[in-house]
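J.: Take this structure, written in structure tokens, and hold onto it; I'll ask about it next.
2 protein chains.
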Amino acid sequence: MPRGSGVMTKILKMNLREREVLLASTLFDSMSAPVAKRLMESATVTSHESKDLLFREGDPAESIYCVLSGYIRLFRLSKEGREADIGLFGPGEIFGECVMFVASNYMMNAQAAETCTVARFDINKVRELAGKEPEVALALMNIMARHLMQARDNVANDRLHTAPQRVANYILEHCPDNQLSASFRIPFQKSLLAGKLGLAPEALSRAFSMLKNCGVSVRGRIIQINDVEALRKV
Amino acid sequence: MPRGSGVMTKILKMNLREREVLLASTLFDSMSAPVAKRLMESATVTSHESKDLLFREGDPAESIYCVLSGYIRLFRLSKEGREADIGLFGPGEIFGECVMFVASNYMMNAQAAETCTVARFDINKVRELAGKEPEVALALMNIMARHLMQARDNVANDRLHTAPQRVANYILEHCPDNQLSASFRIPFQKSLLAGKLGLAPEALSRAFSMLKNCGVSVRGRIIQINDVEALRKV
DNA sequence: CAAGTAGGTTGATCGAAATCAATTCGCGCG
DNA sequence: CGCGCGAATTGATTTCGATCAACCTACTTG
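As given, the protein sequences belong to chains Y and V, one line each in that order. So that you can map any letter, position 110 of the first sequence is 118 in our numbering, and since no number is skipped, the others follow by simple counting. So that you can map any letter, position 4 of the second sequence is 12 in our numbering, and since no number is skipped, the others follow by simple counting.
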């Protein structure tokens, strides 16, 4: 049953905090209590160390997942073994759902980007429930629609924007758009951000240093923006 | 009501051929007759000339569409006016659905790549129906899941493969994988194929000429493959 | 406290594809 | 059947980011 390269700990009982994250997740957030309860009962919580693979390309698709803590990276492999990131999911986000109504095998790898806990739902149960309870179907459609837009954003970003522009866009997504200066903390390693943006870590680093000229200061994972408007023009 | 730059002809009655395409589309193909009938009744058929825009980024999202004939190109614009293709849809395919459960405005432009006819469904009607009829929700989930995989394929392809590899992959998708040689016809302009693959037309052209060395001959829109296996190794 | 290590940065080089410009091809049309 | 125009190809150049290598810095570990 355990998959991937590292050790996996199965946790029998969800703790309160995890329960909260799950109920606030994109799967549950607009679901009625009774349906949520039924779905919740079928959840299994597992914990994973950094680098662990939750599933691989070609594995039979048995579950969909919700991240409870940490970040999960989805990526595809080329014949030569190079990796391309196609998604990065944090607490409250769902992954692995795209396969639900199409293929019977995963078409990507899922890896813990750090120590993670995830909730796992049997794909057949969810599918069955979605067929009976419109609100479950609605929630899944919401999730898929969001993911679809994200993926298309990625395509457009890759094709239209240079490295500094992609980074500027990422930063802007994390700035309140009413004020001039802002700051935030990247919630994961910079190398993950690089992958998410389709860049080599070196390119991300260089992009950050170019953005210094536009009033962006970086120390560790902390990003300081002095002039949000200037960033928009990059 | 008519959108876009060119003339739009509203067709009052669907003809038989169009009806067939629609019933075989990814929206209707696994739908029961009564539900299909209800949905069908709300369809409006329109015809568009090449280059016409069906909707633009920022337009209020009022409809989802099914292509009946021709090809529709979805693209995003950069600030500088450059275009990035994020989808190309032919007869029987649905587009514009991603916005249904998320945003209230389209996030991309839809353009007729040639003379086209499309069926249009009111988004609120479809949403309502999806909430009541699980089979409609199911169909939409199928469509979105498929589109999500396509979009992620695009991301991975862009990030992992060179121009000749992307072209080789495209060709292989159109070859029966049991026989050694094959041939097919690209169903649209090469410049559209280039856009779909995230390439400039010149790059597509160069990729084709590189593939000549692997037994691929191109005359007009006809592609001849002598050695399918050799292509897989590119 | 010294050494080791992983993540990140900086520098130098290389390669792939975009871009711009000039032809050529191929198809629809009179 | 040739004409004409948009599409496609080919060539020359440039730009961007990947790659490889060296270095740096902050943490861990003995």
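Don't be surprised by glycine CBs; every beta carbon is placed ideally from N, CA and C.
Between the stretch 83-94 of chain V and the stretch 44-59 of chain V, do three or more beta carbon pairs fall short of 8 Å?
T.: Too few Cβ pairs lie closer than 8 Å, so no.
J.: How many angstroms separate the CA atom of Arg-193/V from the CA atom of Cys-183/V?
T.: Near 11 Å, if we compare the C-alpha coordinates of Cys-183/V and Arg-193/V.
J.: Can you list, in chain order, the residues of its chain with a C-beta nearer than 6 Å to that of Arg-174/Y? Leave out the 5 residues immediately preceding and following it.
T.: Only Asn-165 and Leu-205 meet the Cβ criterion.
J.: Can Ala-159/V and Arg-25/Y be called in contact, C-beta distance under 9 Å?
T.: Not closer than 9 Å, so no.
J.: Helix, strand or coil: which one does DSSP assign to Glu-91/V?
T.: Three-state DSSP puts Glu-91/V in a strand.
J.: Give a yes or no on whether the minimum CB-CB distance between Gly-206/V and chain Y is below 9 Å.
T.: For Gly-206/V, the answer is yes, since a Cβ of chain Y falls inside 9 Å of its Cβ.
J.: Mind pulling the chain V residues with CB within less than 7 Å of Gly-139/Y?
T.: Those are Pro-142 and Leu-146, listed as they occur along chain V.
J.: Check Asn-221/V in the structure and name its three-state DSSP category.
T.: Three-state result, Asn-221/V: helix.
J.: Taking Gly-100/Y as the reference, give the member of Asp-37/Y, Tyr-114/Y and Pro-68/Y with the closest Cα.
T.: Ranking the options by Cα distance to Gly-100/Y, first place goes to Asp-37/Y.
J.: Only counting runs of 4 or more residues, tell me where the alpha helix (DSSP H) segments fall wholly within the stretch 125-200 of chain Y, in order along the chain.
T.: As far as the stretch 125-200 of chain Y is concerned, its whole alpha helix (DSSP H) runs of at least 4 residues are 131-140, 142-168 and 171-181.
J.: Touching or not, the stretch 110-124 of chain V and the stretch 142-155 of chain V, by the rule of three or more beta carbon pairs under 8 Å?
T.: Segments in contact, no.
J.: Should Ser-191/V be labelled buried (16 or more other beta-carbon atoms within 10 Å of its own) or exposed?
T.: Exposed: under 16 other Cβ atoms inside 10 Å.
J.: How is the alpha helix (DSSP H) around Ala-41/V delimited, first residue to last?
T.: Segment 41-49, the alpha helix (DSSP H) holding Ala-41/V.
J.: Would Arg-102/Y pass as an interface residue toward chain V - the criterion being a Cβ-Cβ separation below 9 Å?
T.: Residue identity differs from the one stated: residue 102/Y is Ile in this sequence, not Arg. It does not: the Cβ of Ile-102/Y has no partner Cβ on chain V nearer than 9 Å.
J.: Between which two residues does the beta strand (DSSP E) holding Arg-64/V run?
T.: Arg-64/V -> no beta strand (DSSP E), and no H or E assigned at all.
J.: Helix, strand or coil for Phe-36/Y? Go by DSSP, reduced to three states.
T.: Phe-36/Y: coil per DSSP, three-state reduction.
J.: Judging by CA-CA distance, which residue of Ile-233/Y, Pro-195/Y and Ala-208/Y is the nearest neighbour of Tyr-79/Y?
T.: Checking every option, the nearest Cα to that of Tyr-79/Y belongs to Pro-195/Y.
J.: At what residues does the alpha helix (DSSP H) containing Leu-239/Y begin and finish?
T.: Its alpha helix (DSSP H) spans residues 236-240.
J.: Out of Ile-19/Y, Leu-30/Y, Glu-143/Y and Pro-42/Y, point me to the one whose CA is closest to Thr-54/Y's CA.
T.: Ranking Ile-19/Y, Leu-30/Y, Glu-143/Y and Pro-42/Y by Cα distance to Thr-54/Y puts Ile-19/Y first.
J.: Among Gly-203/V, Val-75/V, Pro-42/V and Pro-209/V, whose alpha-carbon lies nearest the alpha-carbon of Ala-32/V?
T.: Answer by Cα proximity: Val-75/V.
J.: Could you give the distance in angstroms between the alpha-carbon of Leu-212/Y and the alpha-carbon of Gln-119/Y?
T.: Those two C-alpha atoms are separated by around 21 Å.
J.: Thinking C-alpha only, which one of Ala-176/Y, Lys-133/Y, Asn-150/Y and Glu-105/Y is nearest Phe-63/Y?
T.: It is Glu-105/Y whose Cα lies nearest to the Cα of Phe-63/Y.
J.: Where does Ala-111/Y fall in DSSP's three states?
T.: The answer is coil: DSSP assigns Ala-111/Y none of H, G, I, E or B.
J.: Leaving out five residues on either side along the sequence, give the residues of the same chain with a beta carbon under 6 Å from the beta carbon of Ala-176/Y.
T.: Same-chain partners within the cutoff: Leu-239 and Val-242.
J.: According to DSSP, Arg-214/V sits in a beta bridge with which residue or residues?
T.: Paired residue(s): none; Arg-214/V is not in a bridge.
J.: Tell me where the alpha helix (DSSP H) around Leu-85/V begins and ends.
T.: Where Leu-85/V is concerned, there is no enclosing alpha helix (DSSP H), although the beta strand (DSSP E) it sits in stretches over 80-85.
J.: Consult DSSP for Ala-202/V and reduce its assignment to one of helix, strand or coil.
T.: Ala-202/V falls in the helix class under three-state DSSP.
J.: Express the C-alpha separation of Leu-146/Y and Lys-140/Y in angstroms, rounding to a whole number.
T.: Between Lys-140/Y and Leu-146/Y, the C-alpha separation is close to 11 Å.
J.: Here's the rule I'm using: 16 or more other beta-carbon atoms within 10 Å means buried, otherwise exposed. How should Ile-102/Y be labelled?
T.: Buried, because 16 or more other Cβ atoms sit within 10 Å of the Cβ of Ile-102/Y.
J.: Anything in chain Y within Cβ reach of Cys-74/V, meaning under 8 Å, just list it in chain order.
T.: Ordered by position in chain Y, no residue passes the 8 Å Cβ test against Cys-74/V, which lies about 17 Å from the chain.
J.: Answer yes or no: does any C-beta atom of chain V fall closer than 9 Å to that of Asp-37/Y?
T.: Taking Cβ atoms only, chain V never reaches closer than 9 Å to Asp-37/Y, which makes this a no.
J.: Leaving out five residues on either side along the sequence, give the residues of the same chain with a beta carbon under 6 Å from the beta carbon of Ala-44/Y.
T.: Answer for Ala-44/Y: Phe-36, listed in chain order.
J.: Determine the burial state of Thr-123/V: buried for a count of at least 16 other Cβ atoms within 10 Å of its Cβ, exposed for fewer.
T.: Thr-123/V comes out exposed.
J.: Report yes if the C-beta distance between Ser-189/Y and Ile-233/Y is below 9 Å; otherwise report no.
T.: Going by C-beta atoms, Ser-189/Y is nearer than 9 Å to Ile-233/Y.
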